[in-house]
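Trainee:
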Amino acid sequence: DTTSKQISARLLKIEDNQMRLRSEFNDFRESIEQSIKSLHTSVRRVIEMNDGLDESMRESFAFIQSNMDKTHQKLLESSDHLGKQMLDVRREIIAASQNPTQQKEAGFDKQQRKMYTHILEWELCNIDRMVTLQQSASSQSHLIGQLDYKLIGGAVCTRDGYLRVNISGMFTRMPTDSMDRKNCNFECSALLVDKSGKRADMTVGKITGDFNKGNEWVVGNVSVAEIKVNGYATDDGNVNLKFVLHVGS
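Mapped onto the UniProt record's numbering, the consecutive letters of the sequence shown carry residue numbers 1 to 249.
(1) Should lysine 206 be labelled buried (16 or more other beta-carbon atoms within 10 Å of its own) or exposed?
(2) Quick one: using the 10 Å Cβ neighbour count with 16 as the cut-off for buried, is lysine 70 buried or exposed?
(3) Closest to aspartate 194 by CA distance: which of Ser138, Leu151 and Glu121 is it?
(4) Quick one: what does DSSP say alanine 200 is sitting in, helix, strand or coil?
(5) Just list the beta strand (DSSP E) runs in the region 150-193, keeping only unbroken ones of 3 residues or longer that don't cross its boundaries, in chain order.
(6) Out of Ala62, Val43, Ser189 and Glu15, which has the shortest C-alpha to C-alpha gap to valine 165?
(7) Does any C-beta atom of chain B lie closer than 9 Å to the C-beta of serine 66?
(8) Taking the C-alpha atoms as reference points, what is the distance between valine 156 and phenylalanine 171?
(9) For valine 131, count neighbouring C-beta atoms within 10 Å of its own C-beta (all shown protein chains included) and say buried if the count is 16 or more, exposed if not.
(10) Beta strand (DSSP E) containing leucine 124: first to last residue?
(11) Could you tell me the distance, in whole angstroms, from the CA atom of serine 196 to the CA atom of threonine 234?
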């Protein structure tokens, strides 16, 4: 049916993006390897004339290796993000196949609504610097497949020393008519996470809303001093934030 075809199309698109990322990284890696070989040959010739350039060669190799490691890490992060989205879509396909009689053109029957949970987590670096410069930060985008909605978590440090967290987003495909418009009510909680596992997650705020009625919502505020006192900042001043979003379909 139409819903399953749309879900399958999104799944194929996500898989295509993942393959494209892998291909781009492999091309980049091959290019770097060729550059290293060329650099090694050139530097070896120069070293024969001046042994003092040996240290420069090591620094060059270290710099190239560092860039390769960073690029590889970004690829892994992107692949992980795409993998989570693919898992969400596969769950939709399974749910749709198990309940074919409950589907309507705009989603599931209102009397048989399902709730889906999405978790968006990322790390804020150097909270003290953010306070001093009143900086803001945002997460990678997260696709809510059931709604064709792209969500981003945000945080900003205010002049009075508070961390304000918010969510924002936009539809990746706008409904063409009223029959195509989905139920976009949501409930969102923002929490501080202690990666050491010594403390339970600390709630910063909780809101309810409708993605059809806006594109940005403040979830809550917490003082930076309270974050530190309660042990939710690392020695480097990093803070882990988590948004837990419940949406209907």
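Quick reminder that beta carbons are idealized off the backbone N, C-alpha and C, glycines included. Fair warning: this is a prediction, and the values are worked out from it, not measured in the lab.
Mentor: If we stick to the structure as given:
(1) Position 206 of the sequence shown, counting from 1, holds the residue named residue 206. Lysine 206 sits exposed, since fewer than 16 C-beta atoms from the chains shown fall within 10 Å of its C-beta.
(2) Residue mapping note: residue 70 aligns to position 70 of the sequence shown, counting from 1. Answer is exposed; the Cβ neighbour count stays below 16.
(3) Here residue 194 is taken as the residue at index 194 of the sequence shown, counted from 1. Of the listed residues, the one whose Cα sits closest to aspartate 194 is Glu121.
(4) Counted from its first residue, the sequence shown places residue 200 at position 200. Assigned with DSSP and collapsed to three states, alanine 200 falls in coil, not helix or strand.
(5) Given a length threshold of 3 residues, each whole run of the beta strand (DSSP E) inside the region 150-193 is given here in chain order: 162-171 and 185-193.
(6) Numbered from its first residue, the sequence shown carries residue 165 at position 165. By alpha-carbon distance to valine 165, the top candidate from Ala62, Val43, Ser189 and Glu15 is Ser189.
(7) The structure shown contains no chain B, having only a single protein chain.
(8) Working through the sequence shown from its first residue, we reach residue 156 at position 156. Working through the sequence shown from its first residue, we reach residue 171 at position 171. Within the model, the alpha-carbon separation for valine 156 versus phenylalanine 171 is close to 24 Å.
(9) If you number the sequence shown from 1, residue 131 lands on position 131. Burial is judged here by how many other beta carbons sit within 10 angstroms of a residue's own beta carbon; valine 131 has at least 16 and is buried.
(10) In the sequence shown, counting from the first residue as 1, residue 124 sits at position 124. Taken as a continuous stretch (DSSP letters only), the beta strand (DSSP E) holding leucine 124 covers 115-124.
(11) As a first step, residue 196 must be located in the sequence shown, where it is residue number 196. As a first step, residue 234 must be located in the sequence shown, where it is residue number 234. One C-alpha to the other measures close to 10 Å.
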